[in-house]
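Residue numbers (UniProt numbering): 1 to 843.
Even glycine gets a Cβ: it sits at the ideal position worked out from N, Cα and C.
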Ligand code: ADP
Ligand code: ZN
Ligand code: ZN
């Protein structure tokens, strides 16, 4: 037992005290849970779901989650002691632990990987963690009593901004310093962060509000008036406050209070009177952290009155919920699904349950958050990957404490500590981005949310204009309920969809670079009418590759088997798989010719050419390259919304969930690259993409037009898109899936084998496929095959696809067999350094 642990040795056990052990989940990819011994004095404090500090390995001390408590000492090792307990109450709830175990089993990863993804790093402490002062903590003003050791830490933080745990240990000359850190966190004097980039520096505004008891009873407020009447300066301030925050109309307004500088900045008000009111406890001061999303959401609003169609849909949904746990709301783009969700959320909250509203990453914009804030106010928590880690930890704690009853969030919200869910909404349920590709857990938030709802007895509403084939199949077979909205809200019509044959146009010399004459004319017409345009191109950068006209040389990535994309604004060639980049050469390194030509086109080129062709138009581009900075995405949307921008050019980002009133034209520049993607879902995906991007046009009043440029307008998919004929798409797809044995008729698992050496990758994949075929069957194991991009980040890839029948009993035993087989394979000396990635239900 190491030196470090001795300090925490409990006294000799008394005979009648029970020796307890805790199985803990360490935030590491370990195949099993580890058991630690609970010191007697902590017997009552260690609970399932709390964090405890333990030592792991020789040096590392870190926090982990207690998954189980029992009396069985581990058989094969001497249990170390739990060093400290961090929480009074569980921070991971019982239903959450069940869900995490399900994720680990179903998606074939470890519980440690799940916990690691689930917990914001501010809730994961380790010897490498750092701490800083809480942004709203002011040591001089705050009168929370601190222990001497705590004062030392605070003092050091005032000098140093941030300290690591080890530094705190050295500072205090103590080994069990964790309890002081824990205590300071509880007193909200410090916060923890894991990486320098997570350091928390939110904007904080000072606010004031009336002390709560003056607001709760009218008599109290009247008494206050009477009290202040002899002090006109103070009375003045009270009146000023009530004018801005009319609590007599709505008590709840007081909670949000008023920015302090509205009073202090008013020259007609007495500063000393403000101070006295605060000192007397009439006004109380508080800090509000200004979040990335608007927190000052203006006046609270009642939900909008539902239209007849919406009210019908709501009644049908509630009716179906009586018999079924899951319902799909299939509503065309612009049918007003959001208002139906809002109404159902209200209903669920009235029943006292929690609500999770899931949205794909890029659909979660200020637009939707503002809308929800207006209705749900402070009860609404927002969970977004662009949030700082501490902001995420706040949402986590807010759900546990009951502050947040509704959460609107992205994929990772399924990890949040709900314990009393009554409704889950999965908007845009068809979105591929609900699936996490990398790293593990490679979960699908839609499936996981369904399981979470199931475990907590909640209802689930899926929503989409273009449901996934799997979801629609579940409705068709009667497992799930189906409710449809076939009309747009109000007077808005579905847009007209026109096809332009770019092959013909080219022959007739009617193409201006990548724009047909038709598209240009239509754009000009909109600009003339002060209407807005969205153009969609599925590639970022200027050109997907460049080539030498003389010798056909094409620059490739040094680390991946792909060509480098050309980015003009910084004259770079860039790999979209590993990030490798180099300067664009001025002439061909192979033959010296100066005839390097860009091939194909991306969003940057579209933007560039538009600016040349239409010099008076304001054009903005929205893609991965223009939205890297924290607020740039919100800014681009705000500019477009306010009309500052006329044309928005972008990748998939412009297709999702946006609601702009003034857009009357949408252009899809090159439909063919989307349709011809080699994947069994390509057809479905293309349909979804075309319909969703078209759905941005003509959402309110103005008639919308969509122009799709393609070299082959006769493809059947266009007929379905034009007629908005989802059913035709579904029927075509489901038949193909049945015929060729694809989901939803089987479950797929994709295994990717990676190795630095091409032969080793190939040989190991052959061995693996053979083993798996022996255990399953030839029909169930496909491959190995070399994927289209056969090398990424210097690793050669091989893929094996497995198709398993849907009966769940066999499913879990097959998964165990696959995991074992892979484990054995990696132990073989020939395949040293082999990496194997298992992706269940690959997107
Ligand atoms: P969807 O999500 O189905 O594409 P939205 O919920 O964005 O559609 O609604 C489309 C438009 O109609 C939005 O601008 C929305 O504000 C408006 N709208 C929807 N329902 C109502 C309602 N009941 N009253 C007023 N406006 C509504
Ligand atoms: Zn050349
Ligand atoms: Zn690369």
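If residue i and residue j are in contact, beta carbons under 8 Å, what's the gap, nearest whole angstrom?
i, j, result
"residue 383", "residue 416", "7 Å"
"residue 26", "residue 36", "With 8 Å as the limit, residue 26 and residue 36 do not qualify as a contact, their Cβ atoms being about 10 Å apart."
"residue 157", "residue 133", "5 Å"
"residue 837", "residue 752", "5 Å"
"residue 691", "residue 668", "About 11 Å separates the two Cβ atoms, so there is no contact after all."
"residue 206", "residue 335", "The pair is not a contact, with the Cβ atoms about 44 Å apart (cut-off 8 Å)."
"residue 505", "residue 513", "So it is not a contact: roughly 12 Å between Cβ atoms."
"residue 849", "residue 40", "Within the shown structure, residues of the chain are numbered from 1 to 843, placing residue 849 beyond reach of any answer."
"residue 38", "residue 82", "5 Å"
"residue 747", "residue 811", "6 Å"
"residue 462", "residue 429", "4 Å"
"residue 357", "residue 395", "At roughly 13 Å, the Cβ-Cβ gap does not stay under 8 Å, so residue 357 and residue 395 are not in contact."
"residue 553", "residue 525", "Not confirmed; about 43 Å, so no contact."
"residue 313", "residue 485", "5 Å"
"residue 634", "residue 365", "7 Å"
"residue 126", "residue 62", "4 Å"
"residue 233", "residue 189", "Contact doesn't hold; Cβ gap of about 35 Å is too wide."
"residue 606", "residue 537", "5 Å"
"residue 675", "residue 497", "Actually they are not in contact, since the Cβ atoms of residue 675 and residue 497 sit about 15 Å apart, beyond 8 Å."
"residue 814", "residue 804", "5 Å"
"residue 575", "residue 567", "With a Cβ gap of about 11 Å, residue 575 and residue 567 do not count as contacting."
From the DSSP output, which residues share a beta bridge with residue i?
i, result
"residue 707", "498 and 667"
"residue 64", "52"
"residue 835", "754"
"residue 446", "BP columns for residue 446 are empty, so no partner."
"residue 383", "409"
"residue 539", "For residue 539, which the question treats as bridged, DSSP gives no partner whatsoever."
"residue 287", "206"
"residue 462", "328 and 426"
"residue 190", "133"
"residue 126", "62"
"residue 24", "34 and 66"
"residue 357", "408 and 425"
"residue 82", "The partner list for residue 82 (beta bridge, DSSP) is empty, contrary to what the question assumes."
"residue 800", "751"
"residue 532", "663"
"residue 483", "329"
"residue 795", "792"
"residue 164", "130"
"residue 650", "536 and 622"
"residue 847", "Here the chain covers residues 1 to 843 and nothing more, so residue 847 does not appear."
"residue 840", "749"
Residue i CB to nearest chain C CB: under 8 Å?
i, result
"residue 365", "Looking for chain C here will not work: only one protein chain is present."
Practice task
Using the beta-carbon of each residue, find all residues closer than 5 Å to any heavy atom of ligand 2 and list them in chain order.
Solution key: 548, 550, 551, 553, 588, 590, 591 and 593
Problem - Contiguous beta strand (DSSP E) assignments of at least 3 residues, all confined to the segment 541-576 - result: 545-548, 565-567 and 572-574
Practice task
At 3 residues or longer, and completely inside the segment 401-441: list those beta strand (DSSP E) runs for me, N to C.
Solution key: 406-409 and 421-426
Exercise for the section: Could you tell me which uninterrupted alpha helix (DSSP H) segments, each at least 4 residues in length, are contained entirely in the segment 211-275, listed from first to last along the chain? Expected result: 212-216, 218-228, 232-244, 253-256 and 260-264
Exercise for the section: Answer yes if the segment 354-371 comes into contact with the segment 101-114, meaning at least three C-beta pairs across the two stretches below 8 Å, and no otherwise. Expected result: no
Practice task
Could you tell me whether the segment 386-404 touches the segment 658-665, where touching means 3 or more Cβ pairs closer than 8 Å?
Solution key: no
Handout entry: Residues whose Cβ lies closer than 5 Å to any heavy atom of ligand 3, in chain order
Key = 557, 559, 560, 575, 577, 578 and 580
Exercise for the section: Inspect the CB distances between the segment 634-651 and the segment 549-566 and report whether three or more fall short of 8 Å. Expected result: no
Practice task
Go through the segment 748-793 residue by residue and report every complete run of the beta strand (DSSP E) that reaches 3 residues or more, in order.
Solution key: 781-785
Exercise for the section: Tell me, please, whether the segment 311-330 touches the segment 239-250 by the rule of three or more beta-carbon pairs shorter than 8 Å. Expected result: no
Exercise for the section: Check whether the segment 796-812 touches the segment 711-724, counting contact only when three or more Cβ pairs, one atom from each stretch, lie closer than 8 Å. Expected result: no
Handout entry: Meets three-Cβ-pair contact criterion under 8 Å: the segment 491-511 and the segment 445-458
Key = no
Practice task
At 4 residues or longer, and completely inside the segment 573-648: list those alpha helix (DSSP H) runs for me, N to C.
Solution key: 603-613 and 632-642
Exercise for the section: Count the CB pairs spanning the segment 782-794 and the segment 559-566 that are closer than 8 Å, and state whether there are at least three. Expected result: yes
Problem - At least 3 beta-carbon pairs within less than 8 Å: the segment 438-449 vs the segment 108-119 - result: yes
Exercise for the section: Count the C-beta pairs between the segment 206-215 and the segment 173-180 that are closer than 8 Å, then say yes if the count reaches three, no if not. Expected result: no
Exercise for the section: Flag this pair as touching only if the segment 763-770 and the segment 530-538 have three or more C-beta atom pairs under 8 Å; answer yes or no. Expected result: no
Practice task
At 4 residues or longer, and completely inside the segment 685-731: list those alpha helix (DSSP H) runs for me, N to C.
Solution key: 716-722
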